[in-house]
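Peer 1:
Protein chains: 2
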Amino acid sequence: MSQRDTQQSRRVNMQDVARVAEVSKATVSRVIHSPELVKESTRRRIHEAMEQTGYVYNAVAADFTRQRNSIVGLIAFTLRGSIQSDFIEGIQETLDLHRYSLIIGNSRYDPATERELIRVFRERQLAGIIAAECTDDNRPALQALRDAGIPTILTWELTEDLAQDCVGIDNTRAAREMTEYLIGLGHRRIALIAGRYERIERVRHRFQGYRSALEAAGLEFDPALTVSRTPTALEGKLATSELLTSPNPPTAIFAASDALALGALAAAREHGFDVPRDISISGFDDSDFAPFCHPPLTTVRVPTLEMGKRAAQAVIKRELVPSRSEWDSGAIRIALDTEIVVRNSCGPPSRRVRPS
Amino acid sequence: MSQRDTQQSRRVNMQDVARVAEVSKATVSRVIHSPELVKESTRRRIHEAMEQTGYVYNAVAADFTRQRNSIVGLIAFTLRGSIQSDFIEGIQETLDLHRYSLIIGNSRYDPATERELIRVFRERQLAGIIAAECTDDNRPALQALRDAGIPTILTWELTEDLAQDCVGIDNTRAAREMTEYLIGLGHRRIALIAGRYERIERVRHRFQGYRSALEAAGLEFDPALTVSRTPTALEGKLATSELLTSPNPPTAIFAASDALALGALAAAREHGFDVPRDISISGFDDSDFAPFCHPPLTTVRVPTLEMGKRAAQAVIKRELVPSRSEWDSGAIRIALDTEIVVRNSCGPPSRRVRPS
DNA sequence: CTGAAAGCGCTTACAG
DNA sequence: CTGAAAGCGCTTACAG
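So the sequences go chain by chain: A and B. Using my numbering, the first residue of the first sequence is number 983, and each one after it goes up by one. Using my numbering, the first residue of the second sequence is number 983, and each one after it goes up by one.
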């Protein structure tokens, strides 16, 4: 193969193709990007030359020349659990359509790494950033990115900052609706297991939704019934164990992620509680595994694939209109609907407090 | 902020910093890459100049100049299920350490997309490629990448092609051991649910391991007991339903991924089978959710985090020694150990064929 | 310890 | 429909 040969010396570049096709490299570039501008016969000759020389387009050189990269970055705290793979699939699908690539950055919940990530993304002059999660601490860094001309889209929530582009769901309402559903089933003592309220806006919103549903129903808000945990099954299990063995246990547990709910289910079983007879458990996300839990999990469906697609579209839209004056005409704010998926993990409360 | 100001005109570049610090840009470059080569006082002056001008290093220009990109690409069929997020975490952790970024490509099981991905990765002149999965059809494309001087590391399996760099597990042995475990429990009719044997080497190996354990124990291999499915919970459930309602059902099901096993568990419950009393079910992967299944899943632990780290290290090692003559001194082949994690989803067979 | 110079491979107006 | 020319911002020997 010619690749092997040329490799020892020098890669084939556009100039080489131009020489073989007896055109200028500007024309070769046109064949690649706007073939309709080039005469049919010339185009054919160039294609042949590319074939013959084993030419591989150099995207790095192109990005460099254009002063704008065709790579989008994703910022996440973790790739486990909380980030739905569907969400990333949605982003990729859309990006592929427009010939962008995706770099995935993982801050591992570490602010220093997060800062580092943002620095690297700036250095790489990425076309845009999608933030899957963002602590309040991290907001200024995102803002700086935006100031540097790099579009940033926050996802999974509708930010209180109305100047921030976002594609998300109404977490407050979603949590309120699930809480109302549990209240409607007859529950009076409903626990909430969620992330760290103080740092993440969307978790705070879910908490607010839960609380406002309680208040609207005239139910007392009991701080002992809300626990903050990292959204993993293990933490959900631990938290549920504590709730179940507390002096005045809940009759329903609303886990603000399906991973937490999975752990809650396991804890309930271990303590001899039948779900939903002895205790109701609901989740949030409608993950892949939710229908296969025992019992199948009642949860909040989040249109993650759609959210990923919309976020990618938003980045691309921004990137195509880089002028800041245009941006100032208003933020992109896309609200996606959620819905409660009723399966079998919730039911009316039993009078028994402890199972046999 | 200075970023905002400079943005309207031109970005601050190395030359600007050099001017302010009254040095050449070569020296600025040295401060960034090999500060030990620069005199302390000069270094300080340059750092001040960078600060003052709001300089942001241009990594695209650097990659372009160096003719070698500091981004590694990952190729996968999907981001759902089969790819463990721990695996990607491991890759990222190692890459971060060495200041590489990760582009994640998703072929969505489509050969055309896969080819496209490989083309894009070549155009981007990536530092190397890690293939999380690779059909046989796709092997030549990977080979072409290698020929073009881009290191490619295959993962999750120890390839039959001894010239291919790989970091993986012995799928044959792992499957044989799990099958032996089930045989040891007393099972005679053991089903296997796995991916498509004909296309993926590691699935083929698991199948071979299963079969060789059967033969070693003098058990008949019954083709009716092996089913090929996409590794999702839904497919696992469907396949299990069929097995359970077949004329001569198995007493144990070995699902070659935990996602399949999760579905299998759900199917068993739906058909009124108690696990493990009426049917044993085992998985493969030891996913996050395995301990929280009902019952907790007996499965094969795969050191995914470690595998990710090793794969990234292998790419970096290759990338640092790009000369082909060095490569020819031998392929990188790293075998990682698996182990059976015994939980509660497997037990001795019952004599009952159908539950009450 | 530091500088001058060449060059990487494209794209982008501009001209014709 | 096509070409000539400038330039993007670095790094890399080489020289001193």
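All C-beta atoms in this analysis are idealised placements derived from N, C-alpha and C, irrespective of residue type, glycine included.
Quick one: Cα of B/R1001 to Cα of B/V1010, how far?
Peer 2: In the second sequence, counting from the first residue as 1, residue 1001 of chain B sits at position 19. In the second sequence, counting from the first residue as 1, residue 1010 of chain B sits at position 28. B/R1001 and B/V1010: Cα-Cα distance of roughly 10 Å.
Peer 1: Given this structure, state the Cα-to-Cα distance separating A/E1183 from A/A1317, to the nearest angstrom.
Peer 2: Counting from one through the first sequence, the residue named residue 1183 of chain A turns up at place 201. Counting from one through the first sequence, the residue named residue 1317 of chain A turns up at place 335. A/E1183 and A/A1317: Cα-Cα distance of roughly 15 Å.
Peer 1: Going by DSSP, what residue range makes up the beta strand (DSSP E) through A/N1088?
Peer 2: Counted from its first residue, the first sequence places residue 1088 of chain A at position 106. Start and end: 1083 to 1088.
Peer 1: Around the Cβ of A/V1324, are there at least 16 other Cβ atoms within 10 angstroms (buried) or fewer (exposed)?
Peer 2: Here residue 1324 of chain A corresponds to residue number 342 of the first sequence, with the count starting at 1. Here A/V1324 is exposed, its C-beta having fewer than 16 other C-beta atoms within 10 Å.
Peer 1: Which partner residues of B/C1148 appear in the DSSP bridge assignment?
Peer 2: On the second sequence, residue 1148 of chain B is found 166 positions in, with the first residue counted as 1. Paired residue(s): B/L1136, B/R1315.
Peer 1: Are the segment 1069 to 1078 of chain A and the segment 1282 to 1296 of chain A touching, with three or more C-beta to C-beta distances below 8 Å?
Peer 2: yes
Peer 1: Classify A/R1292 as helix, strand or coil using the three-state DSSP reduction.
Peer 2: Along the first sequence, read from residue 1 onward, the residue named residue 1292 of chain A stands at position 310. Three-state result, A/R1292: helix.
Peer 1: Quick one: which unbroken alpha helix (DSSP H) runs of 4-plus residues sit fully inside the segment 1210 to 1241 of chain B? Chain order, please.
Peer 2: 1215 to 1226
Peer 1: Counting C-beta neighbours from all protein chains within 10 Å, is the total for B/H1187 16 or more, i.e. buried, or is it exposed?
Peer 2: Numbered from 1 along the second sequence, position 205 holds the residue referred to as residue 1187 of chain B. Buried: at least 16 other Cβ atoms inside 10 Å.
Peer 1: So for B/L1174, helix, strand or coil by DSSP?
Peer 2: For the purposes of this step, residue 1174 of chain B is identified with residue 192 of the second sequence, where counting begins at 1. Strand, per DSSP.
Peer 1: Which bits of chain A does B/E1105 rub up against, with CB to CB less than 9 Å?
Peer 2: Residue mapping note: residue 1105 of chain B aligns to position 123 of the second sequence, counting from 1. Per Cβ cutoff of 9 Å: V1038, Y1039, N1040, A1041, V1042, A1044.
Peer 1: Between the alpha carbons of A/A1058 and A/A1113, how many angstroms are there, rounded?
Peer 2: Indexing the first sequence from 1 puts residue 1058 of chain A at position 76. Indexing the first sequence from 1 puts residue 1113 of chain A at position 131. So the alpha carbons of these two residues sit roughly 6 Å apart.
Peer 1: Could you name the residues of chain A that B/H1029 contacts, counting a contact when the two beta carbons are closer than 8 Å?
Peer 2: Taking the second sequence and counting its residues from 1, the one referred to as residue 1029 of chain B is at position 47. Chain-order list of chain A residues neighbouring B/H1029: empty, with the shortest C-beta distance near 15 Å, by a criterion of under 8 Å.
Peer 1: Check for me: the beta strand (DSSP E) holding A/R1283 runs from which residue to which?
Peer 2: As a working note, residue 1283 of chain A is residue 301 in the first sequence. A/R1283 -> beta strand (DSSP E) spans 1281 to 1283.
Peer 1: Using 8 Å as the cut-off, can you tell me whether the segment 1028 to 1038 of chain A makes contact with the segment 1021 to 1039 of chain B, which would need three or more C-beta pairs spanning the two stretches below that distance?
Peer 2: no
Peer 1: Are A/H1276 and B/C1328 closer than 9 Å when you measure CB to CB?
Peer 2: Residue 1276 of chain A sits at position 294 when you count from the first residue of the first sequence. Residue 1328 of chain B sits at position 346 when you count from the first residue of the second sequence. Against a cut-off of 9 Å, the Cβ pair of B/C1328 and A/H1276 comes out as no contact.
Peer 1: Let me check understanding here. Comparing Cα to Cα, which of A/R1101, A/S1228, A/K1219, A/R1259 lies closest to A/L1167?
Peer 2: As a working note, residue 1167 of chain A is residue 185 in the first sequence. Ranking the options by Cα distance to A/L1167, first place goes to A/R1259.
Peer 1: If you drop the 5 nearest sequence neighbours on each side, which residues of the same chain put their C-beta closer than 6 Å to that of B/A1249?
Peer 2: Walking along the second sequence from the start, residue 1249 of chain B turns up at place 267. For B/A1249, where only same-chain residues beyond five positions count, the Cβ hits under 6 Å are K1219, T1222, S1223.
Peer 1: Which residues mark the beginning and the end of the alpha helix (DSSP H) in which B/G1166 is found?
Peer 2: On the second sequence, residue 1166 of chain B is found 184 positions in, with the first residue counted as 1. Start and end: 1153 to 1166.
Peer 1: Run through chain A and tell me which residues come within less than 7 Å of B/R1251, C-beta to C-beta.
Peer 2: On the second sequence, residue 1251 of chain B is found 269 positions in, with the first residue counted as 1. Residues of chain A passing the Cβ test: H1276.
Peer 1: Beta strand (DSSP E) containing A/E1321: first to last residue?
Peer 2: Here residue 1321 of chain A is taken as the residue at index 339 of the first sequence, counted from 1. Segment 1321 to 1323, the beta strand (DSSP E) holding A/E1321.
Peer 1: Who are the Cβ neighbours of A/S1006 in its own chain at under 7 Å, not counting the five residues just before and after it?
Peer 2: Sequence index remark: in the first sequence, residue 1006 of chain A carries index 24 (1-based). Excluding residues within five positions, the ones whose Cβ falls inside 7 Å are A1000.
Peer 1: So B/V1185 is in the beta strand (DSSP E); what residue range does that whole segment cover?
Peer 2: As a working note, residue 1185 of chain B is residue 203 in the second sequence. Careful: B/V1185 lies outside any beta strand (DSSP E), inside the alpha helix (DSSP H) at 1183 to 1198.
Peer 1: Looking at chain A, is there any beta carbon in it that lies within less than 9 Å of the beta carbon of B/K1219?
Peer 2: Along the second sequence, read from residue 1 onward, the residue named residue 1219 of chain B stands at position 237. It does; some Cβ of chain A falls within 9 Å.
Peer 1: Looking at the C-beta of B/R1090, does it have a partner C-beta in chain A at a distance below 9 Å?
Peer 2: Here the question's residue 1090 of chain B lines up with position 108 in the second sequence. Interface residue, yes.
Peer 1: What residue range is occupied by the uninterrupted alpha helix (DSSP H) comprising A/V1020?
Peer 2: Reading the first sequence from its first residue, position 38 is the one you call residue 1020 of chain A. Looking at the DSSP string, A/V1020 is not in any alpha helix (DSSP H), and its letter there is neither H nor E.
Peer 1: Hey, is the segment 1162 to 1181 of chain B in contact with the segment 1200 to 1220 of chain B, meaning 3+ C-beta pairs nearer than 8 Å?
Peer 2: A contact between stretches requires three or more CB pairs, one per stretch, nearer than 8 Å, and the segment 1162 to 1181 of chain B meets this requirement with the segment 1200 to 1220 of chain B.
Peer 1: Return helix, strand or coil for A/S1006, following the three-state DSSP convention.
Peer 2: Within the first sequence, residue 1006 of chain A is the residue found at index 24, counting from 1. A/S1006: coil per DSSP, three-state reduction.
Peer 1: Within 10 Å of its beta-carbon, does B/S1264 have 16 or more other beta-carbons around it, so buried, or fewer, so exposed?
Peer 2: Here residue 1264 of chain B is taken as the residue at index 282 of the second sequence, counted from 1. With 16 or more Cβ atoms within 10 Å of its Cβ, B/S1264 is classed as buried.
Peer 1: Please classify B/Q1146 as buried or exposed, where buried requires at least 16 neighbouring CB atoms within 10 angstroms.
Peer 2: Within the second sequence, the letter at position 164 stands for residue 1146 of chain B. B/Q1146 comes out buried.
Peer 1: Could you give the C-beta distance for B/D1152 and B/L1140, rounded to a whole number, given that I count them as a contact under 8 Å?
Peer 2: Position 170 of the second sequence holds residue 1152 of chain B. Position 158 of the second sequence holds residue 1140 of chain B. Sure, about 6 Å apart at Cβ, within 8 Å.
Peer 1: Just list the residues that DSSP pairs B/D1204 with in beta bridges.
Peer 2: Position 222 of the second sequence, counted from the start, is the residue given in the question as residue 1204 of chain B. Answer is none; B/D1204 lacks a bridge partner.
Peer 1: Return the chain-ordered list of same chain residues with a C-beta closer than 7 Å to the C-beta of B/I1100, the five sequence neighbours on each side being excluded.
Peer 2: Your numbering for residue 1100 of chain B matches position 118 in the second sequence. Counting only Cβ-Cβ distances below 7 Å, and skipping sequence neighbours, we find A1123, L1127.
Peer 1: In three-state DSSP terms, what is A/T1117?
Peer 2: Locating residue 1117 of chain A in the first sequence gives position 135, where the first residue counts as 1. Shown here, A/T1117 sits in a strand according to DSSP, grouped into three states.
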